[in-house]
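Residue numbers (my numbering): 3 to 493.
Where a beta carbon is used, it is the ideal one built from N, C-alpha and C, also for glycine.
A short write-up of the structure that comes next.
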Amino acid sequence: MMSSRHRCASISLLGLLVVSLGCAVGPRYSKPVTSVPPAFKEQPPAGWKQAQPADQVFRGKWWEIFHDPQLNALEERINISNQTLKAAEAQFAQARALVRYNRANYYPTVTTGLSATANRLSRNRAFVPSKTSYPDYLLPLDASWEADVWGRVRRTVEAARESAQASAADLETASLRLHAELASDYFQMRSFDAERDILNSNVAAFQKALELTENRHNGGIASAVDVAQAQAQLEATRAQAEDLDIQRAQFEHAIAVLIGEPPAQLTLPHSPLADAPPPIPFGLPSDLLERRPDIAAAERRVAAANAEIGVARAAYFPVIGLSANGGFESTAITTLLQGPSGFVTAGASAAGTLFDVGRRRAVSAQARAAYDQSAANYRQTILTAFQDVEDNLAALRVLESEAKAQEAAVAAAQQSLQLSTNRYKGGVVNYLEVITAQTTALADQRASLDILRRRMTATVLLIKALGGGWNAASLPSAALTSTPEAAAHGQ
């Protein structure tokens, strides 16, 4: 009879042979083909250019291109205290842990336990032993292992790994969105500061105009109607200035939440928006496939769905398992760990499904449909990315031209106001012409500022649409997704 040692050696040899002959079923993954235009349709504003290989395109802390120390300080606090970002980090940690969980199936599962029982047999049973009462001490050791002949475990690990990489890209997408949202809110707030300065300046000018009108009325030159109109113009402008404080406060509160603080603990100083946005190298459409983390996440999910097809296909083949049981058993605790108390058994099994009324075929069809859905989502994400860039390139191109025209309108309105004021002082016209000129000049100033605000917002959105300087090479590698160090690597 074959000894226990020889049986174990034979089972181990069989296991190695099974693994060496095993193959992973299911299709090999290839990235879905997408249509990428050779260039963007919208031409950028004058002075802009496509990014060349030698260009130092914004990397990492892209907000520093605005050269605003206050913005830089706020952006740094997002990575420290933003709760939405912490939730995305925790989700990535869950995905990484799931990879390690599935990788454990590559190795045998070993269990053990210790039991002690007291036994008393019937004296009236057949073949009564000499001792009818005895204790039984048992220390078993059980090992089981599924031979991954058809690649079910490998495909499961592959799917979990690709999903973890997608989660890492989701983390980068969340970070980019939050940083862009803060920058946009910050420039919105600064635009309200600038608009408040414009209104305050006009309030001061209207106050002087009211004093002039009152003096003329006291001198019998102007009517009481002129005084009333000047007073109404002044108070209406004052009310508009006060109303801006509501909107500014709301953006300040939004910034506080983004950096993880209660709104009551953040007060940002008055800082009017004045500088034009910096030029942004925009590159080629094909660059977006590597720059956008949401595209990388969608592509990784396609790879995960492809691996799931292999998992579904493996269900058509038998599950081959190896098992071994051993340990010690004795009726005396003092002899439990002695050689004669040992026992061992080993074996192999193969189990397969012969008939399941099409259940496996349905699971396989579901996996293929899930792959098709992921591939379609990937292509749609790319199309949306192109749209984002085109929209903001068009906005910046049009707004730059509009800003020049609006600047000319502001200059003309100021000249018209000066002429109307001089004509009123000379008694040529009534005060209604001055009010009309004042209203036009103020509206043009506010429109010019609104264009600047929109240009700054479009610049932030363009940077976001371009991926914020991120690159797909920053994703954690397949090996790192199953280690704790992957979190730091994915940042």
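{"Check": "Separation of A118 from S132, as counted between CA atoms", "Outcome": "21 Å"}
{"Check": "L477 beta carbon less than 9 Å from that of Q167", "Outcome": "yes"}
{"Check": "Cβ pair S146, G262 closer than 9 Å", "Outcome": "no"}
{"Check": "Proximity below 9 Å, CB of F194 to CB of T239", "Outcome": "no"}
{"Check": "First and last residue of the uninterrupted alpha helix (DSSP H) at S325", "Outcome": "No alpha helix (DSSP H) holds S325; the beta strand (DSSP E) holding it covers V321 to S332."}
{"Check": "Rounded straight-line distance, which links the Cα of S332 to that of L23", "Outcome": "Low confidence applies to L23: its pLDDT is 47, below 50, so where it sits in the model is not reliable enough to give any reading."}
{"Check": "Straight-line gap, V462 to T438 (C-alpha atoms, nearest Å)", "Outcome": "36 Å"}
{"Check": "Assumed close pair R448, E197 - CB separation to whole angstroms, cut-off 8 Å", "Outcome": "6 Å"}
{"Check": "N- and C-terminal bounds of the beta strand (DSSP E) containing A120", "Outcome": "S117 to R122"}
{"Check": "DSSP three-state assignment for S273, whether helix, strand or coil", "Outcome": "coil"}
{"Check": "Cβ neighbours of S135 in the same chain (closer than 6 Å, five flanking residues each side left out)", "Outcome": "R122"}
{"Check": "The segment 298-316 contacting the segment 160-175, beta-carbon criterion three pairs below 8 Å", "Outcome": "yes"}
{"Check": "Whole beta strand (DSSP E) elements within the segment 85-117, 3-residue minimum", "Outcome": "111-114"}
{"Check": "Residues bridged to D138 (per DSSP)", "Outcome": "T119"}
{"Check": "Coarse secondary structure for V227, derived from DSSP in three states", "Outcome": "helix"}
{"Check": "Through-space distance from I322 to V151, alpha-carbon basis", "Outcome": "7 Å"}
{"Check": "Backbone secondary structure at A251 - three-state DSSP", "Outcome": "helix"}
{"Check": "Residue environment, F284, which counts as buried when at least 16 other CB atoms sit within 10 Å", "Outcome": "buried"}
{"Check": "Segment contact, 8 Å Cβ cut-off, at least three pairs: the segment 174-190 with the segment 356-371", "Outcome": "no"}
{"Check": "Run of the beta strand (DSSP E) containing G344, from where it starts to where it stops", "Outcome": "G344 to A353"}
{"Check": "Best match in Q85, G62 and D289 for proximity to A387 [C-alpha to C-alpha]", "Outcome": "D289"}
{"Check": "Endpoints, alpha helix (DSSP H) assigned at Q1", "Outcome": "Since the first residue of the chain shown is 3 and the last is 493, residue 1 is not available in this structure."}
{"Check": "Exposure label - H272; buried when at least 16 CB within 10 Å", "Outcome": "exposed"}
{"Check": "Top-ranked residue by Cα proximity to Q481, from E66, R98, S37 and A75", "Outcome": "Residue 481 is actually Ala in this sequence, not Gln. The shortest C-alpha separation from A481 is found at R98."}
{"Check": "Distance between L291 and Q382 (C-alpha atoms, nearest Å)", "Outcome": "12 Å"}
{"Check": "Rounded straight-line distance, which links the Cα of W65 to that of A56", "Outcome": "Confidence in A56 is poor, its pLDDT being 34 and thus under 50, which makes the residue's placement too unreliable to answer from."}
{"Check": "Member of A300, Y426 and L246 whose CA lies at the smallest distance from the CA of Q440", "Outcome": "Y426"}
{"Check": "C-alpha gap between A171 and P295, whole angstroms", "Outcome": "5 Å"}
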